[in-house]
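A short worksheet on the structure shown next.
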Amino acid sequence: GFFLHIPFVPPSVLDALPPARALMRSLCAYDVVGFQTRTHLQDFLDCARRFSGFTVKGEEVVTEGRRVHAMADPIGIDAPSFARIAARSTGTEYIRRMKDSLTGRALAISAERLDYSKACRIAFEGFARLLARFPQPPP
1 GFFLHIPFVP PSVLDALPPA RALMRSLCAY DVVGFQTRTH LQDFLDCARR
51 FSGFTVKGEE VVTEGRRVHA MADPIGIDAP SFARIAARST GTEYIRRMKD
101 SLTGRALAIS AERLDYSKAC RIAFEGFARL LARFPQPPP
């Protein structure tokens, strides 16, 4: 199987790619293809419908004698476990020293993936605009 953890493009975008058909054929080499959301699943199925030789039946794509099951299966984290781990860490010496080092200072935190689809450049530009607009931290 194959799972795409980033958005699958809508047909209008896929149509612009010269290897669009080859991409769809490659994805259909798997028995199962998974997507994060129903929207991304639907985009995949809509893209398959655009090519001759691809038939969509429900959430299956049939091509070249193969049946490919497509599904939406969002992944996530175990939030309660992360919360428990974080709560245990609040009293550590490291956390105390970090808090002490920030006394009288402002701190901005951003957690970004190094992934083009997450638009790090846009986040940095937004932060630059924030600093230009508010050069001094709040009291």
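For the sequence shown, the UniProt record's numbering assigns the number 1 to the initial residue and increments by one for each residue that follows. Backbone N, C-alpha and C define an ideal beta-carbon position, used for all residues, glycine too.
Using only alpha-carbon positions, find the residue among V68, D15, V62 and S81 that is nearest to G34. V68
Taking the alpha-carbon positions, what's the A106 to F127 distance? Taking the straight line from one Cα to the other gives about 14 Å.
Residue range of the alpha helix (DSSP H) that L4 falls in? Element bounds for L4: not the alpha helix (DSSP H) but the beta strand (DSSP E), F2 to L4.
Secondary structure, alpha helix (DSSP H): runs of 4+ residues fully inside the stretch 7-73: 11-14, 20-27 and 38-49
Spatial distance of G58 from L130 (CA atoms): 47 Å
Cβ contact check for the stretch 41-58 and the stretch 78-95: 3 or more pairs under 8 Å: no
DSSP state of D78, grouped into three classes? coil
Contact set for P137: own chain, Cβ-Cβ below 7 Å, skip 5 residues either direction: A106
Residue span of the alpha helix (DSSP H) that contains F124, given as start and end: C120 to R133
Which word fits V61, buried or exposed, when buried means at least 16 other C-beta atoms lie within 10 angstroms of its C-beta? buried
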